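J.: Pasting a structure below so you can have a look.
There are 2 protein chains.
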Amino acid sequence: MAAMKKIAIIGLGMIGSSIAHAARRGSLAKEIAGHDASADVLERAGRIGFCDTLHADIGAAVKDAQLVILCAPVGAFKDIAQAIAPHMAPGAILSDVGSVKGAVVRDVAPFVPAGVHFIPAHPIAGTEFSGPEAGFASLFDGRWAILTPVPGSDGQAVARLRAFWKGLGSQVDVMEVGHHDLVLAITSHLPHLIAYNIVGTAHDLEQVTEGEVIKYSASGFRDFTRIAASDPTMWRDIFLNNREAVLEVLGRFNQDLKALQEAVEQGNGELLFDTFTRTRAIRRAIVDIGQDTSAPNFGRKS
Amino acid sequence: MAAMKKIAIIGLGMIGSSIAHAARRGSLAKEIAGHDASADVLERAGRIGFCDTLHADIGAAVKDAQLVILCAPVGAFKDIAQAIAPHMAPGAILSDVGSVKGAVVRDVAPFVPAGVHFIPAHPIAGTEFSGPEAGFASLFDGRWAILTPVPGSDGQAVARLRAFWKGLGSQVDVMEVGHHDLVLAITSHLPHLIAYNIVGTAHDLEQVTEGEVIKYSASGFRDFTRIAASDPTMWRDIFLNNREAVLEVLGRFNQDLKALQEAVEQGNGELLFDTFTRTRAIRRAIVDIGQDTSAPNFGRKS
Chain A
0 MAAMKKIAII GLGMIGSSIA HAARRGSLAK EIAGHDASAD VLERAGRIGF
50 CDTLHADIGA AVKDAQLVIL CAPVGAFKDI AQAIAPHMAP GAILSDVGSV
100 KGAVVRDVAP FVPAGVHFIP AHPIAGTEFS GPEAGFASLF DGRWAILTPV
150 PGSDGQAVAR LRAFWKGLGS QVDVMEVGHH DLVLAITSHL PHLIAYNIVG
200 TAHDLEQVTE GEVIKYSASG FRDFTRIAAS DPTMWRDIFL NNREAVLEVL
250 GRFNQDLKAL QEAVEQGNGE LLFDTFTRTR AIRRAIVDIG QDTSAPNFGR
300 KS
Chain B
0 MAAMKKIAII GLGMIGSSIA HAARRGSLAK EIAGHDASAD VLERAGRIGF
50 CDTLHADIGA AVKDAQLVIL CAPVGAFKDI AQAIAPHMAP GAILSDVGSV
100 KGAVVRDVAP FVPAGVHFIP AHPIAGTEFS GPEAGFASLF DGRWAILTPV
150 PGSDGQAVAR LRAFWKGLGS QVDVMEVGHH DLVLAITSHL PHLIAYNIVG
200 TAHDLEQVTE GEVIKYSASG FRDFTRIAAS DPTMWRDIFL NNREAVLEVL
250 GRFNQDLKAL QEAVEQGNGE LLFDTFTRTR AIRRAIVDIG QDTSAPNFGR
300 KS
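So the sequences go chain by chain: A and B. Just so you know, we're using numbering that gives the first Met the number 0 here: the first sequence kicks off at 0 and counts up by one. Just so you know, we're using numbering that gives the first Met the number 0 here: the second sequence kicks off at 0 and counts up by one.
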C-alpha cells in the first residue's frame, strides 16, 4: 500500500507500540503520531522512539491523521471518542484494537463525526507483557486481524484498513460484531477467566504452600500462569464489556465440567478417555495451520 | 554416583525413554534394560536404541536389576507388580514415575518381595507428546523429582535413588505420599482437567465453528490445547486414582469461579481487577526460580 501521510496511535502499551514498530518496518506512514494518557508512558515511548511525534494533547495527535487507532483499554474509549471527535480530519478512518466489539460500537459510534469512517478491528495477537517496552514489530506476523465494519461502513475505507493490517504482517478477516464477541468469548475471554481463576485458587489453598505450587508448576500449572499474568485493567474492561457472551460460554463450560466431575466421582474411565482423546485433534489442527508451534512444551528453553 | 550394574525400565513411553536417554548421558548404568507390553513400542524403542537390552519378557527385564522403574500408566501397576515380584533381585530398588502416589502404594506395596526396597517417585517433567520417540536426555534437567518413601523405607536405598535422579539432571525432594497427591492435584491434575474441559467445550459449541476456534486460538485458547493433547490413557488413570484430592481441589476451583462469575454478572470491576493483579505475582515467582521461561509467549517461534 502507499504510505499514509499520518497515522495516530492512541494508547502506547504493548499493542499500540507494536503497531508503531510494525508500521515503521512496513513504511506504512510518513508520520506515526502517538498519544498516551500517562505522562510516564509517553516519556518511556519517547525513549524507545517508535513514534515520530508524541503528543500529551490528544487533539494534536489525531489532527490531520488519515488513520486513528484506539489502543487504550476499552473502558476508556467513550471518553477518548468524545475528546478526539472535534479534531479528526474528514475522510479519516477511526479504528481500534479492542478485544470486544459490541461495547466499542456502543461507546464510540455516537461520537464519530460525519465524514469519518468508523471501522472497529481486533488483532488476535499479544503476549502476557504490557507497556511500551513490550511491543515489537513482528507481533502481528501470520496472526489474524478481524475487522468488524458496522452497517454503512464505506467499502473503500474497509479496503484501506485491510491493506494497513496486511502491511503490519497480519492476515485479515471480516466478521459481524456480535459474532466476533461470541467467538472471542470462547477463544480468549473464557480461557483468560479460567486461567485467572485457577491461579487464584492455587494461591488460596492453605493445605499446600504457595512455594510448593510455584516449585512444582512445570507439571501443568505454569501454562496457566502466563495468561493469568496479562494486564489487569485491560481484562477487567473486557469482562465488564462482553458480559453476555462470556456468561453464556461460561455456562457451557460449567455444564461440561460437571460431567467430567461426575466421571471422576463415579470412576467412569471410558468417558474420561473419550474426552481426552477428542481434545488431541484440536491441538493438531492449530499447529497444522501455523497458529502454534509444533515444538514440545511450546519450545521452551527452561 | 557409581554406575549401577543394571537398571530396568518398564514402559518405554516419553518418560521411560527419557530416563534411558538421560541415564546413558550420565553413565548411570552399565546395562539399561527395557520392557514394554506393546510389541510395537518395543520395536520402535529398538530402532531408536536408547536401551542396551530389550525384553518382551518382563521377568527377564527386571532380573538382576539393581533398580526397576515402572513407567507405564498407573492403572497397569498392580498387574506389573505381580508379574515382576518373583524375578526381582534381593536388595534391588523398585520405584516408579506415576503422577499419583497413594494409589501406587496401594497397588504395588502388597507385592513387593522381602528384601526389595519400594520407593515411589514422581518426576515433575514431561511434554504433551507421548511414545518412545518423544523422549530426550535433557527432559529432567533442572526439574524436580519427588520421592515419597513409605514407612520403613531404607535410608540408604532412598539415598541411592536420590543420587540416580540427580544423575538424570533433576533436583530431588522428599514428600509424604498423601501430601504429594494433594500438591499435584493443584499443580497438575486440576490444570489438566480444566484444559481438557475447556477444549472440549470449544469443540462442542455449535454457534461458533471449530474452524474459527482453531483460527483465532492465539488469543488464549491455544495455551490450553497443549496440555489437552496429553496422553489419554495416562490421564484417565490419574483421575481414576487421585479421585479424592482432585474432587477437593475442583470444589475450591468451582467456588472461586462462582465468585468471578458473579463479579462479571454484577459488573464488579474492583473484584475482577484485584483478582487479576494477584495472579501476576505467581507467574513472576515461577519465572524467577527457573521453572518457566521469561520470554514472552513462552518464547514461541510461531
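Glycine residues also receive a C-beta, built at the ideal position from the N, C-alpha and C atoms. Small disclaimer: the values here were computed from a predicted structure and weren't measured.
Identify, in the order they occur along the chain, each residue of the same chain with its Cβ nearer than 8 Å to the Cβ of Met-38 of chain B, setting aside the five sequence neighbours on each side.
T.: Note that residue 38 of chain B is Ala in the sequence shown, not Met. Closer than 8 Å at Cβ, skipping near neighbours: Ala-55.
J.: Express the C-alpha separation of Ala-19 of chain A and Gly-134 of chain A in angstroms, rounding to a whole number.
T.: Approximately 9 Å between the Cα atoms of the pair.
J.: Taking DSSP as the reference, what is the three-state secondary structure of Ile-288 of chain B?
T.: In this structure, Ile-288 of chain B counts as coil in the three-state DSSP scheme.
J.: Can the beta-carbon of Ala-91 of chain A be found closer than 8 Å to that of Leu-66 of chain A?
T.: Contact: yes.
J.: Rounded to whole angstroms, what's the CA-CA distance from His-188 of chain A to Gly-125 of chain A? Just pull it up for me.
T.: Between His-188 of chain A and Gly-125 of chain A, the C-alpha separation is close to 14 Å.
J.: Should Pro-231 of chain B be flagged as near chain A, meaning a C-beta pair shorter than 8 Å?
T.: Cβ-Cβ to chain A under 8 Å: yes for Pro-231 of chain B.
J.: What does DSSP give as the partner residues of Ile-145 of chain B in its beta bridges?
T.: According to DSSP, which records beta bridges pairwise, Ile-145 of chain B is partnered with B:His-121, B:Asp-172.
J.: Could you pull out every residue in the same chain whose Cβ sits closer than 6 Å to the Cβ of Glu-269 of chain A, ignoring the five residues on either side in sequence?
T.: Excluding positions up to five away in sequence, the list is empty.
J.: Could you tell me whether the stretch 224-235 of chain A touches the stretch 194-201 of chain B, using the rule of 3 or more Cβ pairs below 8 Å?
T.: No, they do not touch.
J.: Measure the C-alpha to C-alpha separation of Thr-274 of chain B and Cys-70 of chain A and round it to an integer number of angstroms.
T.: One C-alpha to the other measures close to 23 Å.
J.: Mapping the DSSP letters down to three states, classify Asp-203 of chain B as helix, strand or coil.
T.: In this structure, Asp-203 of chain B counts as helix in the three-state DSSP scheme.
J.: Let me check understanding here. Comparing Cα to Cα, which of A:Glu-205, A:Asp-172, A:Val-107, A:Phe-297 lies closest to Trp-143 of chain A?
T.: The option with the nearest alpha carbon to Trp-143 of chain A is A:Asp-172.
J.: I want to verify the contact list: residues of chain A whose CB lies under 9 Å from the CB of Ile-18 of chain B, in sequence order.
T.: In chain order: nothing, as chain A lies at least about 16 Å away.
J.: Which residue's Cα is closest to the Cα of Ala-1 of chain A: A:Phe-139, A:Ser-26, A:Ile-8, A:Arg-283?
T.: Measuring from the Cα of Ala-1 of chain A, the nearest candidate turns out to be A:Ser-26.
J.: Once the 5 residues before and after Ser-152 of chain B are set aside, which same chain residues still bring their CB inside 8 Å of it?
T.: His-116, Phe-117, Ile-118.
J.: The stretch 269-282 of chain B: which residues have C-beta closer than 7 Å to a C-beta of chain A, in chain order?
T.: Residues passing the 7 Å Cβ filter: Leu-271, Phe-272, Thr-274, Phe-275, Thr-276, Arg-277, Thr-278, Arg-279, Ile-281, Arg-282.
J.: Kindly indicate the opening and closing residues of the beta strand (DSSP E) around Val-67 of chain B.
T.: 66-69 is the extent of the beta strand (DSSP E) around Val-67 of chain B.
J.: Are the CB atoms of His-179 of chain B and Thr-147 of chain B nearer to each other than 8 Å?
T.: Contact: yes.
J.: Check distances from the C-beta atoms of the stretch 211-223 of chain A to those of chain B and list, in chain order, the residues that come in under 7 Å.
T.: Under the 7 Å Cβ criterion, the stretch 211-223 of chain A contributes Glu-211, Val-212, Ile-213, Lys-214, Tyr-215, Ser-216, Ala-217, Ser-218, Gly-219, Phe-220, Arg-221, Asp-222, Phe-223.
J.: Per the DSSP calculation, Glu-30 of chain A is bridged to which residue(s)?
T.: Glu-30 of chain A pairs with A:Lys-5.
J.: Below 6 Å CB to CB, which residues in the same chain sit around Arg-24 of chain A once its five sequence neighbours on both sides are set aside?
T.: Correct list, in chain order: Ala-136.
J.: Give the secondary structure of Ser-293 of chain A by DSSP, where H, G and I count as helix, E and B as strand, and everything else as coil.
T.: Looking at Ser-293 of chain A - three-state DSSP - the assignment turns out to be coil, as it is neither helix nor strand.
J.: Output needed in chain order: residues of the stretch 177-194 of chain B with a Cβ under 7 Å from some Cβ in chain C.
T.: No chain C appears in this structure, whose protein chains are A and B.
J.: Note down the Cα distance separating Asn-296 of chain A from Gly-210 of chain A, rounded to an integer number of angstroms.
T.: Whole-angstrom Cα-Cα distance: 23 Å.
J.: Just how far apart, CA to CA, sit Ser-16 of chain A and Phe-163 of chain A?
T.: Cα to Cα, the separation comes out at about 15 Å.
J.: State the start and end residues of the unbroken beta strand (DSSP E) segment that holds Leu-53 of chain B.
T.: 52-54 is the span of the beta strand (DSSP E), which, as asked, contains Leu-53 of chain B.
J.: Using 8 Å as the limit for Cβ to Cβ distance, is Glu-205 of chain B near chain A?
T.: So no, Glu-205 of chain B is outside the interface.
J.: Just verifying my parser: in three-state terms, what is the DSSP assignment at Ser-152 of chain B?
T.: Looking at Ser-152 of chain B - three-state DSSP - the assignment turns out to be coil, as it is neither helix nor strand.
J.: Let me know the secondary structure DSSP gives Asp-95 of chain B once reduced to three states.
T.: The answer is strand: DSSP assigns Asp-95 of chain B an E or B state.
J.: Ala-144 of chain B CB to nearest chain A CB: under 8 Å?
T.: It does not: the Cβ of Ala-144 of chain B has no partner Cβ on chain A nearer than 8 Å.
J.: What do you reckon, are the CB atoms on Arg-279 of chain B and Ala-21 of chain A nearer than 8 Å?
T.: Not a contact, by the Cβ cut-off of 8 Å.
J.: For a test of your reading of the model: does the CB of Asp-35 of chain B fall under 7 Å from any non-hydrogen atom of the ligand SAH? Yes or no.
T.: As far as ligands go, the structure on display features none, and thus does not contain the ligand SAH.
J.: Please report how far the alpha carbon of Cys-50 of chain B lies from the alpha carbon of Ser-129 of chain B, in whole angstroms.
T.: Those two C-alpha atoms are separated by around 17 Å.
J.: In terms of residue numbering, what span does the alpha helix (DSSP H) encompassing Ser-101 of chain B cover?
T.: Sequence inspection shows Gly at residue 101 of chain B; the Ser mentioned does not correspond to that position. Its alpha helix (DSSP H) spans residues 101-107.
J.: Along the alpha helix (DSSP H) that carries Lys-257 of chain B, what are the first and last residues, could you check?
T.: Note, Lys-257 of chain B: alpha helix (DSSP H), 242-265.
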